[in-house]
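Using the working numbering, the final residue of the first sequence is 1520, and nothing's skipped along the way. Just so it is clear, CB atoms sit at the ideal spot from N, CA and C, and this is done for glycine as well. Structure first, then comments.
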Amino acid sequence: MDKTYSPRDIEERVYRYWEENGLFRPAADGPPFCIVIPPPNVTGTLHMGHAFQDTIMDALTRFHRMSGDRTLWQPGTDHAGIATQMVVERQLNAESRTRHELGRERFNERVWRWKEESGGTIARQMRRLGASVDWSRDRFTMDPGMSRAVQEAFIRLHADGLIYRGKRLVNWDPVLKTAVSDLEVQSEEEMGSLWHIRYPFADGKGHVTVATTRPETMLGDVAVAFHPDDERYSGLAGRKLALPLTGREIPLIADGFVDPAFGTGCVKLTPAHDFNDYEAGQRLKLPLINILTADARLNDEAPTPYRGLDRFEARRRIVSDLEAAGLLEKVEPHRLTIPRGDRSGAVVEPWLTDQWYVRIAPLAAPAIRAVEDGRIRFVPENWDKTYFEWMRNIKDWCISRQLWWGHRIPAWYGPDGSIHVGRSEAEVRARDGIAASVPLTQDEDVLDTWFSSALWPFSTLGWPDETQELQTFYPTSVLVTGFDIIFFWVARMIMMGLHCTGDVPFREVYVHGLIRDQDGQKMSKSKGNVIDPLDIVDGIALDDLVTKRTTGLMQPQLAPAIERATRKQYPEGIAAHGTDALRFTFASLATLSRDLRFDLGRVGGYRNFCNKLWNAARFVLMSTNSPLAHGPEELSAYDRWIRSRLHATIAAMREGLVQYRFDLAAQAVYEFTWYEFCDWYLEFSKTILQSAESTDAERRGTRRTLIETLEILLRLLHPLMPFITEEIWQRIGPRAGKSAGSIMVQPYPEAESAAVEPAIESDAKWTMSVILAMRGIRGEFDIAPSFQTPVYIENASDSDRRRFESTASAISRLAGISKVMWLPEGQKAPQSATASIGKMTIHVPMAGLIDVDAELARLGRRRSKVEQELARASGKLGNENFVRNAPAEVVAQERERVAGFKRELAQLAEQHERVASLR
RNA sequence: GGGUGCUUAGCUCAGCUGGUAGAGCGUCGCCCUUACAAGGCGAAGGUCGCAGGUUCGAGACCUGCAGCACCCACCA
């Protein structure tokens, strides 16, 4: 093995080996385990969120595959309707063309071409992360099979009366010129104005004043309303107002929905441009006057001077015209929530159009039940509250989009306006008896991307056909996703899954947090804080990173600030850390928290961890290199100790994986590897392997333990760090008697409770505390590591002696002891620095070594610490209630502690006196 | 207006059904000791947001308050 761990030399080669050997396909015949990937945008690139999520899914997949389950991680990508269409339109704009010049067919060809060009990127990136997805089953939401599933689902839902077409107000994005669903509207508080406008009575006598945030929509007003109990307006109901700028007469009405406390207590009603007013208008049977075009300009319903004006320009003109006419009473600053399209950022208009809807209540009810009765479990549990909250107030889902890129809606219209839903024009003609002479036109619209995403867990497995895969892997085992798409995706999959297949799409939903930057900020291009996960893997020079962050900005003026911040934060660029270190970081980050701060420093720490493991493996290989004749083996206390610790770690690791506590799993295995295996066991093993006194049987026992422990550890770590474990295992596995092959398909370690030996562990703990005490003294007095010191031991019990003698060579070596002298009772040691382990006291003679003042200071520090502990513990015991009520073992333990503290205080006092006398 | 989280060492976070406050990074000493300087050894650092309550015992449970974050919602 190379002296230095170098991930770049390992990772791509190892992945190729796995893929070429078909190791990602479901193979074992245990119980099925399946995860479907949340499909990323086909033309997108991998970001930190993906990398995090993929790490978790891959860890679960590898864990289950090694456990012998029939394991499938189903990959695929999403056509991402609006997002992808926008990208290609932007490309066209750069060529000074529009999609309308190309026409629908050629535009879609162009999108497909773009998909072919850029579609492989994310798959390549996933390979670099080590994702063990079954690439042979790769799916794309617009594949023929997927499209068939979408069409079939639409037709069935329609047949079941759960899809309908309706004309009503929708959220209209006037930039993208399409309807969007409620979820795609982001409402943000912004500063605006409240205009107070006078509406004169038609008879010219007086006026009422209306307060509005949207003066331009007054052109579509059909009434003004006040609350029936509002005395300011009593008796005015039924009178006519002359709508300013139009002269149109509208009624003044009284209605309970008005809040008299807001504004003037008078509200204008514009049913065609406001959701509230629409509802009121329906109830009061008021007419609808639409004054806007698809791109939010004023249409011909508006008086001539305003026609064709953009809505915001129209607002300015109308306000100034009102002012000129003396009808503008005042303008107040006002905070209000502005709805914007999440893709375009444009202010969304409520606009009257024909759209397709999913009747959602009948789908929501069983979906709520599935979570209530535990057929689907959220992890962490409390996300179900969020789910219920939304599902119980859910509204019909607008699924049609006025786009070109997506699944065309399978509906045809006859000249009489009749609607025919079916698989093809031929089918609907035949079914509905439409003569060839009657022209049919297919609906121009496409479906919301999330409609196809909602079918993903079963469409990828072959639905509507009853395929082998569907039977085996559906319902899938677990969905791994972020909480940001619980409504968009998770809820809709549950509803569609239950309706289309009769069963839940997955049994568990693991909801992870969102990766943010080190300051807790969301990572985004415009903030300039994005890190490409592969730049952490491979490293990137500062200039390249700056270029990456500052090109293609929507707001180029941000570039200098981004450059400055980047240069400040990464003066050296980003070093290469390797995939395994990044993955381990993600695992350790996967707490139950909602916001996960990504700190590059941690990746460095885990790269060091990889290096540690690498070097430990080198040591094990070197130590077991030379041939040793076969023969009996004898396990030392250390061998049994590390084995005991290993099996406790296996249990903790498995527990972490099963509970989705990847952070705890990572921590357990990290601590075992570094602190127990490397820091202690490898050092212990040297005392056996390198001591002339060891027998061959002991050497064989230790060598076996070294190999076996490392081999099991590699398997244990493999789900989190697949590359380095494979690379090392290829060398260690055979030595442990494993036949060749990949670590990927070796069994996952199981904890054997018999291997855990508390007595051995407590012996080892004693040994280590002796060594630690010695090191403490040596560290305190700067005793050179090369200097071996004699020690005197006072008050040793039989068990102390037994323990000491059985580990003497290790203690001597690791604590730097040249000679041990057991003091008979009553005999005092020379002046020395001391440390106590239980009743026993270790003396390190001070002659020439130890500074008197420093030792006194050290004793003083220790004394105050012990005094504090003693005060607390004896306070407890002084409390009768504690003694009476606490469990006996807790009380006994407390008594023992008090005795220990008292003993130590006495030892410290004595020691203090003796050292002080040296002055 | 409803809802959900969060507040523990300088920073980022663990702390399971209440029983001696932990880790990583950072900081400070001493060491190139043949697995590893991407390392070893040692050390410093916390009235667990605040105030009550339950309990023999609270970082954990209950109530209130404060601060922060997020989600949902039609107040013109």
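Sorted by chain position, which residues of the same chain lie with C-beta nearer than 6 Å to residue i's C-beta, five sequence neighbours on each side aside?
i: L1193; result: P981
i: A873; result: G821, L889, I890, N891, L953
i: A732; result: D655, D659
i: A903; result: L820, I892
i: L837; result: L853
i: V920; result: P816
Tell me which same chain residues have a C-beta within less than 7 Å of the C-beta of residue i, skipping the five on either side of it?
i: T1536; result: The first residue shown for the chain is 602 and the last is 1520, placing residue 1536 beyond what the model contains.
i: R833; result: G866
i: F1502; result: V1467, E1470, L1471, A1474
i: W1051; result: F1089, W1090, R1093
i: K869; result: V811, T813, M819, D822, V825
i: E789; result: T938, I939, R941
i: L770; result: F876, Y879, P951, W952, L953
i: E1234; result: A1298, R1301, G1302, R1305
i: V1069; result: Checking the sequence, you will find Gln at residue 1069 rather than Val. The answer is none, since no qualifying residue turns up.
i: D783; result: N772, K996
Report the partner residues of residue i according to the DSSP bridge assignment.
i: F1107; result: T1077
i: E690; result: None; E690 has no bridge partner.
i: E1525; result: With the chain covering 602 to 1520 only, the question about residue 1525 has no answer from this structure.
i: A843; result: E850
i: Q1331; result: Answer is none; Q1331 lacks a bridge partner.
i: S1518; result: According to DSSP, which records beta bridges pairwise, S1518 is partnered with nothing at all.
i: S788; result: P940
i: N772; result: V781, P951
i: A1238; result: Paired residue(s): none; A1238 is not in a bridge.
i: N1396; result: Paired residues: none, contrary to the question.
Would you please state the rounded distance, in angstroms, between the beta carbons of residue i and residue j? I believe it to be under 8 Å.
i: R944; j: I683; result: 5 Å
i: H1444; j: V1392; result: 6 Å
i: G1179; j: E710; result: So it is not a contact: roughly 41 Å between Cβ atoms.
i: W1258; j: L1314; result: Looking at the sequence itself, residue 1258 is Leu, so the reference to Trp does not match. So it is not a contact: roughly 15 Å between Cβ atoms.
i: I1308; j: A1337; result: 5 Å
i: G1098; j: V1047; result: Not quite, the Cβ-Cβ distance comes to about 22 Å (not below 8 Å), so this is no contact.
i: D1181; j: I1325; result: 5 Å
i: V1081; j: H1113; result: 7 Å
i: D1264; j: A1191; result: 5 Å
i: E1406; j: L1424; result: Between L1424 and E1406 the Cβ distance is about 16 Å, and since that is not below 8 Å, they are no contact.
Heavy atom of the ligand SAH less than 8 Å from the Cβ of residue i, yes or no?
i: D830; result: Looking for the ligand SAH in the displayed structure turns up nothing, as the structure carries no ligands at all.
Spatial neighbours of residue i within its chain, please: CB distance less than 8 Å, with the 5 preceding and 5 following residues excluded, ordered by chain position.
i: Q1508; result: T1435, S1437, T1442
i: L1460; result: L1509, Q1512, H1513, V1516
i: Q1119; result: R1198, F1199, D1200, L1201
i: V688; result: T644, W715
i: G1121; result: D1196, R1198
i: P641; result: L647, H651, T678, D679, I723
i: R1316; result: M667, T1326, W1330, I1344, Q1347, P1348, Y1349, P1350
i: G720; result: V643, T644, T678, F741
Item checked: Whole runs of the alpha helix (DSSP H) within the stretch 953-1037, excluding any shorter than 4 residues -> You should have 962-973, 984-992, 1026-1033.
Next item on the list: Taking 8 Å as the threshold, find out whether the stretch 908-915 comes into contact with the stretch 881-898 through three or more Cβ pairs.
Entry: Output reads yes: the stretch 881-898 touches the stretch 908-915.
Notebook entry, point to check: Which ranges would you report for the beta strand (DSSP E) in the stretch 1425-1484 if only whole runs of at least 3 residues count?
Noted result: Fully enclosed beta strand (DSSP E) runs of 3 or longer: 1433-1438, 1441-1446.
Notebook entry, point to check: Are the stretch 786-798 and the stretch 915-935 touching by the rule of at least three beta carbon pairs closer than 8 Å?
Noted result: The stretch 786-798 makes contact with the stretch 915-935: 3 or more CB pairs, one atom from each, lie closer than 8 Å.
Margin query: For the structure I just gave you, are there three or more beta carbon pairs, one from the stretch 736-756 and one from the stretch 646-662, closer than 8 Å?
Written below: Result no; under three Cβ-Cβ pairs closer than 8 Å.
Item checked: alpha helix (DSSP H) runs contained entirely in the stretch 1152-1235, provided each spans 4 or more residues -> With a minimum length of 4 residues, the continuous alpha helix (DSSP H) runs that stay inside the stretch 1152-1235 are 1160-1170, 1180-1190, 1201-1224.
Next item on the list: May I ask you to verify whether the stretch 1318-1329 touches the stretch 1168-1185, counting CB pairs closer than 8 Å and requiring at least 3?
Entry: By the criterion of at least three beta-carbon pairs nearer than 8 Å, the stretch 1318-1329 is in contact with the stretch 1168-1185.
Margin query: Between the stretch 733-740 and the stretch 996-1011, can you find at least three pairs of beta-carbon atoms closer than 8 Å?
Written below: Cβ pair count under 8 Å is below three, so no.
Item checked: Whole alpha helix (DSSP H) elements within the stretch 848-925, 4-residue minimum -> Those alpha helix (DSSP H) runs which fall completely within the stretch 848-925 and span 4+ residues are 876-885, 912-925.
Note to self: Taking contact to mean 3 or more Cβ pairs, one atom from each stretch, closer than 8 Å, check whether the stretch 1012-1032 and the stretch 982-989 are in contact.
What the structure shows: At 8 Å Cβ cutoff, the stretches do not touch.
Next item on the list: Check whether the stretch 615-635 touches the stretch 673-682, taking contact to mean three or more Cβ pairs, one atom from each stretch, closer than 8 Å.
Entry: Yes, the stretch 615-635 touches the stretch 673-682.
Next item on the list: Would you check if there are 3 or more beta carbon pairs closer than 8 Å linking the stretch 1152-1169 to the stretch 1293-1304?
Entry: Segments in contact, no.
Margin query: When you compare the stretch 1071-1080 with the stretch 628-635, are there three or more beta-carbon pairs, one atom per stretch, that lie closer than 8 Å?
Written below: Three or more beta-carbon pairs separated by less than 8 Å link the stretch 1071-1080 to the stretch 628-635, which places the two stretches in contact.
Next item on the list: Specify whether the stretch 1271-1279 and the stretch 1205-1222 touch according to this definition: at least 3 beta carbon pairs, one from each stretch, less than 8 Å apart.
Entry: With three or more CB-CB distances shorter than 8 Å, the stretch 1271-1279 counts as touching the stretch 1205-1222.
Notebook entry, point to check: In chain order, which continuous runs of the alpha helix (DSSP H) of length 4 or greater are located wholly inside the stretch 1313-1378?
Noted result: You should have 1323-1336.
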